[in-house]
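Trainee: Residue numbers (the numbering used here): 9 to 228.
We put the beta carbon where it would ideally sit given N, CA and C, even for glycine.
#1: Just grab the DSSP bridge partners of residue 161 for me.
#2: Thinking C-alpha only, which one of 126, 110, 80 is nearest residue 94?
#3: Considering only residues of the same chain and omitting the five flanking positions on each side of residue 145, which have a CB-CB separation below 6 Å?
#4: Could you pull the start and end residues of the beta strand (DSSP E) that residue 57 belongs to?
#5: Write down every uninterrupted run of the alpha helix (DSSP H) in the stretch 63-142 whose length is 4 residues or greater and which is fully enclosed by it, in chain order.
#6: Select from 83, 209, 133 the residue whose C-alpha is nearest the C-alpha of residue 104.
#7: Taking 8 Å as the threshold (C-beta atoms), are residue 69 and residue 25 in contact?
#8: Going along the chain, which residues of its own chain have a beta-carbon closer than 7 Å to the beta-carbon of residue 114, five neighbours each way excluded?
#9: Going by C-alpha to C-alpha distance, which of 138, 182, 172, 177 sits closest to residue 152?
#10: Taking the straight line between their C-alpha atoms, what separation do you get for residue 90 and residue 179?
#11: What is the DSSP secondary structure of residue 228, counted as helix, strand or coil?
#12: Indicate the three-state DSSP secondary structure (helix, strand or coil) for residue 34 in the structure shown.
#13: Please say whether residue 72 and residue 13 have beta carbons closer to each other than 8 Å?
#14: Pull up the CB-CB distance for residue 135 and residue 100, whole angstroms please, since I reckon it's below 8 Å.
#15: Who are the Cβ neighbours of residue 86 in its own chain at under 7 Å, not counting the five residues just before and after it?
#16: Leaving aside the five residues before and after residue 224 along the sequence, list all residues of the same chain whose C-beta is less than 8 Å from its C-beta, in chain order.
#17: Do you know offhand how far residue 53's Cα is from residue 39's?
#18: Classify residue 194: buried if its beta carbon has 16 or more other beta carbons within 10 angstroms, exposed otherwise.
#19: With burial defined as no fewer than 16 other Cβ atoms inside 10 Å of the residue's Cβ, what is the status of residue 123: buried or exposed?
Put into structure tokens, the structure is as follows:
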């Protein structure tokens, strides 16, 4: 049965995930100013609403807003979702990076952005996914931009709604790979930092691989 997936944020990541998911499911973009993004309603299986209305209408919500590196920012993001997020499945696609040109994750904070978000929203089932890959690969989850092999997507969170998270990940085109509870969001955010530092000129290591690569899981 098709899902209704709410996407909070209509930037490049949100729109890319939304267009992929809308191939087989309904998508509702949750934004502060629905009129500003009204053109998204012309896309297949897609509508636009306020953040609270999008969350209310959705089975699973993807958080696709810019990430916050400090607890205060993460708590503010959580509060902006409103009380309707309680009891929902929330996939956190953000990365808690410092500002340019550092773009580093929370190494001194002792915990990940995903864990803080889950702690602030104890009645919400939080997963971390879609944060370890570049946006150009989000629209080519079949691997057509690299080798032609379906790309894997690592995700972390509690077991309660694992199948719902897997369904959304599969709808984008990825092969879901569950790594365990939300504690492992810290590892996924570290992978994201490595991907960013290898792909973005002027950030991190002098080694640059471009953007057409992916950290792939291969099993026997």
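Mentor: Taking the definition as stated:
#1: Answer by DSSP bridge pairing, in chain order: 184.
#2: 126
#3: 222
#4: 54-58
#5: 79-88, 121-128
#6: Comparing Cα-Cα distances from residue 104 to each of 83, 209, 133, the minimum goes to 83.
#7: no
#8: Cβ-Cβ distances below 7 Å link residue 114 to 77, 104, 120, 121 in the same chain, with the five nearest sequence neighbours on each side left out; the list follows chain order.
#9: 182
#10: Separation of residue 90 and residue 179 (C-alpha to C-alpha, rounded to the nearest whole angstrom) is 26 Å.
#11: Of the three classes helix, strand and coil, the one that applies to residue 228 here is coil, per DSSP.
#12: strand
#13: no
#14: 7 Å
#15: 125, 128, 129
#16: 157, 159, 160
#17: 17 Å
#18: buried
#19: buried
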